[in-house]
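Let me begin by presenting the structure, written as structure tokens, before commenting on it.
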Amino acid sequence: MDYYVVINGQKQGPFDIIAIIKKVKTRQIAPDTLVADAANGNFMPATSFPEIATLLEEQVGINKASQMKEKRVLRLRKVLADGVDLWVRNVIGFTVGFATILIVAFALNGGLKKIQIFADYPSIGNYIISLLATTLYLLFFGYILNAKRSKAFSFEQTFIEVKKGLIPLGILSAIFSLYTIAFGVNQLVGLVSVVVLLFVVTMFSFVPFLIVDTSLGLGGAAKQSLKKVMGMGADNFGVILALIAINLVVALAPAFIDKNFFIFGLFLSMPITVSSLAYIYDELFA
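By my numbering, the letter at position 3 of the sequence shown is numbered 37, and the numbering carries on one by one without gaps.
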């Protein structure tokens, strides 16, 4: 059987299983590089294929294979520079996509305010708005990843990614949006929940990419993201944590001047942050 492999963000192949093992041995690819059995198939970590996993264990050895993966060291300045560069090169598409999400969120906010129960309990309305906006935003990760890989926009591909990611990313958004309920209790609880959310988002920051880019479901993607983040070393973890923290600060800072400026902060920070994460994703999972 022949396989296709993602190398430096590009699908390459076909390769037979021996060629894949040789590439692992010579450090051209990592043991958990994304692989599929067809050019348009579902890409999963190579070790997810029993026949590849068996040969890796026999020919390379699981322990040795994990040690052979070149330790990639992330640099915050370069990660941010790559994110800004991608945002600038795709500013029209990113602006249209993110503006659409904001318009939908504002429209929903205006509609919910007219309903008495949401006027009496605004935290519930905020949760629903956050759930919808976050789900749309996580689905937007797929477009940003394709833009990073210089793939032309395709309505068909977008439909496939939305269909595949809508439910699992909706569930993930429901978890991420719980901080809005915490703010409904009091501001201190809300701020503590934001700190907790910062770590949660860091641990599972690659889940949206894995869901739209592979055949993994929410559980498998969460497991792979957690495994990668936990095994990347303190320095690399610090880079991702700092990246997400900077995103949070840039998004919130304008709101201290005027709460209406919050959207301006989001508009600047969010696309750049996800663009940077797209580069990190291809660097760590390619």
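Where a beta carbon is used, it is the ideal one built from N, C-alpha and C, also for glycine.
What you are looking at is a predicted structure, and each value in this text was computed from that prediction instead of being measured.
- The beta carbons of V39 and T67 sit closer together than 7 Å.
- For the 7 Å CB-CB criterion, L146 and F152 form a contact.
- In the three-state reduction of the DSSP assignment, L250 falls in the coil class.
- Under the DSSP assignment, P65 falls outside any alpha helix (DSSP H); it carries neither an H nor an E label.
- Inter-residue distance for F301 and I63 is about 36 Å (C-alpha atoms, whole angstroms).
- Contact check between the region 196-209 and the region 217-228: fewer than three CB pairs, one atom from each, fall below 8 Å, which does not count as touching.
- For F238, no beta strand (DSSP E) encloses it, and the DSSP letter there is neither H nor E.
- Residue pairing of I41 in beta bridges, as defined by DSSP: Q44.
- Just measuring C-alpha positions, the residue of I55, Y177, K148 and T214 sitting nearest V130 is Y177.
- If you compare the alpha carbons of E317, F217, S227 and T214 with that of V263, the shortest gap goes to E317.
- Rounded to the nearest angstrom, the gap between the Cα atoms of A186 and N180 is 8 Å.
- Judged by beta-carbon spacing, A133 lies beyond the 7 Å limit of L165, meaning their Cβ atoms are not closer than that value.
- When DSSP reads this structure, M78 sits in a beta bridge with V69.
- Contact annotation: S211 and F240 have beta-carbon atoms that are not nearer than 7 Å.
- Between L90 and T81 the beta-carbon gap is near 7 Å, inside 8 Å, which marks them as a contact.
- Between A167 and I135 the beta-carbon gap is near 6 Å, inside 8 Å, which marks them as a contact.
- Counting along the chain, the unbroken alpha helix (DSSP H) around A167 starts and ends at P156 to K182.
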